[in-house]
Amino acid sequence: NAGVTQTPKFRVLKTGQSMTLLCAQDMNHEYMYWYRQDPGMGLRLIHYSVGEGTTAKGEVPDGYNVSRLKKQNFLLGLESAAPSQTSVYFCASSRLGSREFFGPGTRLTVL
Amino acid sequence: KQEVTQIPAALSVPEGENLVLNCSFTDSAIYNLQWFRQDPGKGLTSLLLIQSSQREQTSGRLNASLDKSSGRSTLYIAASQPGDSATYLCAVRYLEIQGAQKLVFGQGTRLTINP
Chain G
235 NAGVTQTPKF
245 RVLKTGQSMT
255 LLCAQDMNHE
265 YMYWYRQDPG
275 MGLRLIHYSV
285 GEGTTAKGEV
295 PDGYNVSRLK
305 KQNFLLGLES
315 AAPSQTSVYF
325 CASSRLGSRE
335 FFGPGTRLTV
345 L
Chain X
11 KQEVTQIPAA
21 LSVPEGENLV
31 LNCSFTDSAI
41 YNLQWFRQDP
51 GKGLTSLLLI
61 QSSQREQTSG
71 RLNASLDKSS
81 GRSTLYIAAS
91 QPGDSATYLC
101 AVRYLEIQGA
111 QKLVFGQGTR
121 LTINP
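Those protein sequences? They're chains G and X, same order as listed. Numbering (my numbering) for the first sequence: 235 to 345. Numbering (my numbering) for the second sequence: 11 to 125.
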């Protein structure tokens, strides 16, 4: 099992550009999450999904959109990147009430 | 507001010592609590999960305890080794409406074990 994978691992964007981060899990988990991790701010939830075709806002959703068309994939989109979105992005998945499994992260820099 | 606090922010101890990391949370209506490990530049690995009805969980040299009434959890590491050096994060899960889960993280404790 690959667990949770994220692509890409690194990305540099210019302000205003768009991109999509892909998360894939092979554990048949219902729940999937996108977090961002910033120094001094800890991990903050951006969006999450409780099942295929459903998404919901987390703590810091502004500037991001998500889609979960297939159970195993959770996409995070930035339509118009801003320097404030420079961060490390983590995807995670779990079953209800069970441990979260995290991906290795995507380091994004917006210039 | 649901907040999770970890003290200390950083800890440095010599190899072989037993140590305790602390986590406190403001809302005691938790579903469960997890302790994670994060190595530099890596993702998080779940070490232990304690359900709200449990008092402790053990895995090898790690023991986590939970006191819901006082809003506290501790992670005990026995016979520390240099390979234990990492950042340890506490995360509390709350259940919300429509089956949503909310995981609230502490800021972490950066642990260094000196050979």
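Each residue gets a CB set at the ideal place from its N, CA and C atoms; glycine is no exception. These numbers were taken from a predicted model, which means no experiment stands behind them.
- Three-state secondary structure (DSSP) at S318 (chain G)? helix
- Query: Comparing the C-beta of R245 (chain G) with each C-beta of chain B, is any distance below 8 Å?
  - Reply: Absent here is chain B; the protein component of the structure consists of chains G and X.
- Task: Please look up how many angstroms separate the CB atoms of S83 (chain X) and S90 (chain X), rounded, as I've assumed it's under 8 Å.
- Result: Wrong, their Cβ atoms sit about 19 Å apart, outside the cutoff.
- Among G:K291, G:R341, G:Y265, which residue has its Cα nearest to the Cα of T320 (chain G)? G:R341
- Message: I'd like to know whether the C-beta of P242 (chain G) is nearer than 8 Å to at least one C-beta of chain X.
- Response: no
- Query: So with Cβ pairs under 8 Å, would you call L256 (chain G) a contact of chain X?
  - Reply: no
- Query: Is the beta carbon of V322 (chain G) less than 8 Å from the beta carbon of R270 (chain G)?
  - Reply: yes
- Taking A290 (chain G) as the reference, give the member of X:T36, X:S80, X:A96, X:E106 with the closest Cα. X:E106
- Give a yes or no on whether the minimum CB-CB distance between L54 (chain X) and chain G is below 8 Å. yes
- Contact check, Q12 (chain X) vs D37 (chain X), beta carbons under 8 Å: yes
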